[in-house]
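Same order as they appear, the protein sequences are chains F and C.
What the first sequence shows, in my numbering, is residues 293 to 530, in sequence order.
What the second sequence shows, in my numbering, is residues 3 to 110, in sequence order.
Even for Gly, the Cβ is constructed at its ideal location relative to N, Cα and C.
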Amino acid sequence: MNITATPALTLGDDALILSHRLGEWAGHAPVLEEEVALANIALDLLGQARVLLSLAGDEDELTYLREERQFRNLQLVEQPNGDFAHTIARQLYFSTYQELLFDHLAPTESELAPLAGKAVKEVAYHRDHAHQWTLRLGDGTDESHTRMQRALDSLWQFTGELFEPVEGLETVPWSALHDDWTTRINATLEQATLTVPEGPRHGAWRAGAGRQGLHTESFGRLLAEMQHLHRSHPGATW
Amino acid sequence: MTTPRPADTAATAAAPTDWPLWEVFVRSRRGLSHTHAGSLHAPDAEMALRNARDLYTRRSEGVSIWVVPSAQVTASSPDEKDSFFEPAGDKPYRHPTFYEIPDGVHHL
């Protein structure tokens, strides 16, 4: 399959892959209420992915028949769920980014504007969900504080890629979004008595890797699970 | 499906009993009262409100939500059912059945 990395494909892949990761919590979440919350967020993201990938081509073909190197999602969203704190840290980093980006795109002439305008309200809720949990885990028990800090630290390296300009979205003020993101994350972490991580933010190899089709070790297994049914039984219906 | 890690398993075993129960009231639209929708567990009121949003308004059921700690609800006892409710049963003059309701009046 020939793939052109349009902005719709790129942002659609972020939503698709994070949706799949969150869906893995079904049956495993700490409590039923939280399972429904994570599933709701996953479904919001899946809805975004369907709109975006349909702008880029056939949503099913793009989801089920692409190879690993043809996915353009951020390495951040493919990271395994880990413990609950890792999932929340991933949500906090990504939802804050996605809200800022969609908020910027919504009033523009971009083909993504209608989706961005609708989705930004969903994403504001995702960010609030992550914010609320970050406060409670960070300012909770010693154990929850330790786990939340560990999660923030371990995912920090993948946040550099968020603000690498996306092909076709050169007009987005990436460095201003980065400043806003940093301000918001710092405020949440400070309120949660957590420390803003330090250290390199270059992903597994270098910034921009996921956007160029280079993914981390666990991504292959994610794709295998997501794609195997469609590939084993092409055209299957029920 | 991913295999749950030991940490996940521990969380599953420990958490549910720690969180208090909350009663959820949802107002379906302006002009109507909040009505009881169900109950849920949450660590505090703010999270209870968010859980209620996810559990009870995901199909556009509401425009407003209240959450109340279940422990704060004082309920009538089933043992007192006869003295509480039966005396009202044979007093039909309390029911507003003696006049016509005009067309177009809803929620009366």
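Contact check, residue i vs residue j, beta carbons under 8 Å
i, j, result
"residue 26 of chain C", "residue 47 of chain C", "no"
"residue 473 of chain F", "residue 347 of chain F", "no"
"residue 373 of chain F", "residue 309 of chain F", "no"
"residue 57 of chain C", "residue 328 of chain F", "yes"
"residue 394 of chain F", "residue 422 of chain F", "no"
"residue 387 of chain F", "residue 415 of chain F", "yes"
"residue 63 of chain C", "residue 28 of chain C", "yes"
"residue 439 of chain F", "residue 429 of chain F", "yes"
Opening and closing residue of the beta strand (DSSP E) in which residue i lies
i, result
"residue 23 of chain C", "23-29"
Partners in chain C for residue i, counting only beta-carbon separations shorter than 7 Å
i, result
"residue 424 of chain F", "48, 49 and 52"
"residue 369 of chain F", "The premise fails here: residue 369 of chain F is roughly 16 Å from chain C at the closest Cβ pair, so nothing lies under 7 Å."
"residue 332 of chain F", "56 and 60"
"residue 325 of chain F", "42, 43, 44, 53 and 57"
Inter-residue Cα distance where the pair is residue i and residue j
i, j, result
"residue 80 of chain C", "residue 44 of chain C", "28 Å"
"residue 376 of chain F", "residue 304 of chain F", "24 Å"
"residue 94 of chain C", "residue 104 of chain C", "21 Å"
"residue 118 of chain C", "residue 39 of chain C", "The shown model of chain C, from 3 to 110, leaves out residue 118 of chain C, and the question about it has no answer."
"residue 454 of chain F", "residue 477 of chain F", "13 Å"
"residue 526 of chain F", "residue 518 of chain F", "14 Å"
"residue 298 of chain F", "residue 401 of chain F", "16 Å"
Limits of the unbroken alpha helix (DSSP H) element including residue i
i, result
"residue 429 of chain F", "405-430"
"residue 524 of chain F", "511-524"
"residue 341 of chain F", "324-348"
"residue 84 of chain C", "83-87"
"residue 394 of chain F", "376-397"
"residue 299 of chain F", "299-315"
"residue 78 of chain C", "Neither: residue 78 of chain C is in no alpha helix (DSSP H) and is coded neither H nor E."
"residue 477 of chain F", "466-483"
Residues sharing a beta bridge with residue i, DSSP
i, result
"residue 42 of chain C", "C/24"
"residue 66 of chain C", "C/29"
"residue 529 of chain F", "Answer is none; residue 529 of chain F lacks a bridge partner."
Neighbour list for residue i in chain C, Cβ cutoff strictly below 8 Å
i, result
"residue 329 of chain F", "52, 53 and 56"
"residue 421 of chain F", "52"
Neighbouring residues, chain F, relative to residue i (Cβ below 8 Å)
i, result
"residue 45 of chain C", "428"
Partner residues on chain F for residue i, Cβ-Cβ distance less than 9 Å
i, result
"residue 68 of chain C", "The premise fails here: residue 68 of chain C is roughly 17 Å from chain F at the closest Cβ pair, so nothing lies under 9 Å."
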